[in-house]
Amino acid sequence: MAGIRLIARLDVKGANLIKGIHLEGLRVIGDPREYARKYYEQGADEIIYMDCVASLYGRNNLTEIVRHAAEDIFIPMTVGGGVRSVSDVEMLLRVGADKVAVNTAAVARPELISEIATRFGSQCMVLSIEAKNKEKGRWEAYTDNGREKTGIDVIEWAKRAADLGAGEILLTSIDREGTRKGYQVDLVKAVSTAVTIPVIASGGMGGVDHLQQVTEEGKADAVAMADIIHYNRMTIGEIRKESLAGGVKVSRR
Amino acid sequence: MVTLLDYGAGNIRSVRNAIKKLGFSVNEIKTPEDIFSAEKLIFPGVGSFGLVMQRLREKGYAEQIIRRIQADKPFLGICVALQTLYEGSEESPGVAGLGLIPGQIKRFPEGKTAVPQIGWNGITSQKFSPLLEEYKGEKLYFVHSYYASLTEKSADWTLATTDYGLEFVSAVKRGNCTAFQFHPEKSGEAGLKMLANYLASSFAETV
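As structure tokens, this is what we get:
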């Protein structure tokens, strides 16, 4: 059986790998290509590249970064940020992305999900949801890297997107992102039990116990991590080893 | 020298990059006959079953692939390419596949496991292949909603199987024709090794 995927998430601004807290207060970490290669060598299952200012400026900086990364990284790459149309997707796939993550443009026009899924297959179409807690058990979807409210309920949106043909959901908790306090397990559980497509938990990974919680209680199919690996708190190899020792069925090796 | 079958359906850059990384140069198809005459052919499947078959037929590639495989020339198919070797698929009812392997491609049942299968999974080899020689049970990368089932009619083709709620055929082989449901070009070092074995092998002997 397939295992839990360990995904390195690289948020990019311009030419730099950056990291924020609650998707804000972005701090420069370094060269995204070097970090991606490092994570590939450490045994990451996938790489996610997110251009965090693309939606704001209506453009995508990632083409060149992805093109170069694809030359020496032979694991799947998901790319998001500023994807607005089928032709944007085509361009990203052409330079070496395997999947695209869409948030803002899909909220504005949900049919885009179907258009992408029909043209390139559901497996290419990752719906990115940025969720913020409203009240107990309810979350609101945000766009533009956590800047804009939508009034849309996260669970309803996840279900609708799955019906429209999304192949996967990248679920980022704005409340937990960058805090190292652990994934928002109740959010992840609510979404992963509402849809049959895989759910990637993102935001809050501070240690292996968090990973264990979100996969066992939250039923996440994959976990995205940033802070913990960018700041060398743990390598992906160490995370994998500890997870396996703790009984989490992570994939590979 | 390796020839990549690009039929304009999408991203085959990863396969191209992997071949380059392994130190081989890539040839392009200019005429349908190049498919038959190529020294080594890699057919990366991109898109739906119906779309791939439509492109192969429009371009006159389908009959050349069949001819090549029947002549037992080196062939490596990836992902949907494996599925096109069968007679048809639930993904695109009414569209005929290449028909080299008996049987229909089916969709994973809903509810049991997440569909599509996106992620890393192992394979269990059922017979010898020089491509899998150094394979030590590493997980490989799969992305698919449809699968080839194990049947008696197609048993002699089964190279490897994988469990995803049910056991399906994750690799097929007959003579010098091999196809993988997983993506060797996205499966890290273990996958690159399989590609390297294909590219390096002399194919002096057929099994």
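Here the protein sequences come in this chain order: H and Y.
With this note's numbering, the residue at position 181 of the first sequence is 181, and numbering never jumps.
Remember, this note's numbering sits 253 above the position in the second sequence when you count from 1.
Note that beta-carbon positions come from the ideal geometry of N, C-alpha and C, so glycine has one too.
Tell me the DSSP bridge mates of Y:LYS293?
Y:VAL255
For Y:CYS332, which three-state DSSP category applies?
strand
Take Y:THR459 and list the residues in its own chain whose beta-carbon comes closer than 8 Å to its own, dropping the five residues that flank it on each side.
Annotation note: pLDDT 45 at Y:THR459 (below 50); position unreliable, coordinate value reported separately. Closer than 8 Å at Cβ, skipping near neighbours: ASP325, GLY428 and ASN429.
With a threshold of 8 Å on Cβ separation, who are the neighbours of H:GLN213 within its own chain once the five nearest residues in sequence on each side are excluded?
GLY182, TYR183 and VAL185
Flag this pair as touching only if the segment 273-284 of chain Y and the segment 40-51 of chain H have three or more C-beta atom pairs under 8 Å; answer yes or no.
no
What are the residues in the segment 69-87 of chain H lying within 8 Å of chain Y by C-beta distance?
ALA70, GLU71, ASP72, PHE74, ILE75 and PRO76
Note down, in chain order, each residue of its chain lying with its Cβ closer than 6 Å to the Cβ of H:VAL205, except the 5 sequence neighbours on either side.
The sequence shown places Met at residue 205 of chain H, rather than the Val named in the question. Taken in chain order, the residues that qualify are MET225 and ILE228.
Classify Y:GLN307 as helix, strand or coil using the three-state DSSP reduction.
helix
Is H:ALA131 closer than 8 Å to H:LEU171 when the C-beta atoms are compared?
yes
Buried or exposed: where does Y:MET306 fall if 16 or more other Cβ atoms within 10 Å of its Cβ makes it buried?
buried
Taking beta-carbon pairs under 8 Å, can you tell me which members of the segment 94-120 of chain H lie near chain Y?
ARG94, VAL95, GLY96, ALA97, ASP98 and PHE120
Take the Cβ of Y:LEU452 as the centre, count every other Cβ of all protein chains shown within 10 Å, and call the residue buried at 16 or more, exposed below.
buried
Can you have a look at H:THR28 and say buried or exposed, based on whether 16 or more other CB atoms are within 10 angstroms of its CB?
Here residue 28 of chain H turns out to be Val, not Thr, going by the sequence shown. With fewer than 16 other Cβ atoms within 10 Å, it is exposed.
Could you tell me whether any Cβ in chain H is nearer than 8 Å to the Cβ of Y:LEU445?
yes
Quick one: which unbroken beta strand (DSSP E) runs of 3-plus residues sit fully inside the segment 313-394 of chain Y? Chain order, please.
328-332, 357-360 and 370-374
Distance between Y:PRO383 and Y:ALA457 (C-alpha atoms, nearest Å)
Caution is warranted here: a pLDDT of 49 is assigned to Y:ALA457, below 50, making its placement in the model unreliable, and the coordinate value is therefore given only provisionally. Answer to the nearest angstrom: the Cα atoms are 12 Å apart.
Express the C-alpha separation of Y:THR284 and Y:GLN317 in angstroms, rounding to a whole number.
10 Å
Under a Cβ-count criterion, where at least 16 other Cβ atoms within 10 Å of its own Cβ denotes burial, should H:ASN232 be classed as buried or exposed?
exposed
Going along chain H in order, which residues have a C-beta closer than 9 Å to the C-beta of Y:GLY347?
Within 9 Å Cβ-Cβ: nothing; Y:GLY347 doesn't reach chain H, min ~18 Å.
By a C-beta neighbour count over all protein chains shown, 10 Å radius and 16 as the cutoff for buried, is H:GLY81 buried or exposed?
buried
Which same chain residues, not among the five before or five after Y:TYR417, have their C-beta less than 8 Å away from its C-beta?
PHE361, THR366, GLN370, ASN374, PHE395 and TYR400
For H:VAL107 versus H:VAL100, is the C-beta distance shorter than 8 Å?
no
Alpha carbon to alpha carbon, how far is Y:SER423 from Y:LYS380? Give it in angstroms, no decimals.
13 Å
Between Y:VAL255, Y:SER407 and Y:GLU420, which has its C-alpha nearest Y:ASP287's C-alpha?
Y:VAL255
State the Cα-Cα distance for the pair H:PHE120 and H:GLU238, rounded to the nearest angstrom.
35 Å
The segment 7-39 of chain H: positions lying closer than 8 Å to chain Y by Cβ
none
On the CB-based measure, 16 or more other CB atoms within 10 Å of its CB, does Y:PRO297 come out buried or exposed?
buried
What separation, rounded to the nearest whole angstrom, lies between the Cα atoms of Y:GLY372 and Y:LEU393?
8 Å
Going straight from the alpha carbon of H:ARG176 to that of H:PRO110, what length do you get?
26 Å
Express the C-alpha separation of H:ARG37 and H:ASP72 in angstroms, rounding to a whole number.
7 Å
Any beta carbon of chain H sitting closer than 8 Å to that of Y:VAL268?
no
Assigned exposure category for H:ASP31 - 16 Cβ within 10 Å defines buried
exposed
At a Cβ threshold of 8 Å, is Y:GLU286 touching chain H?
no
Determine whether the Cβ of Y:GLU386 lies closer than 8 Å to any Cβ atom of chain H.
no
Terminal residues of the beta strand (DSSP E) in which H:ILE200 lies
199-202
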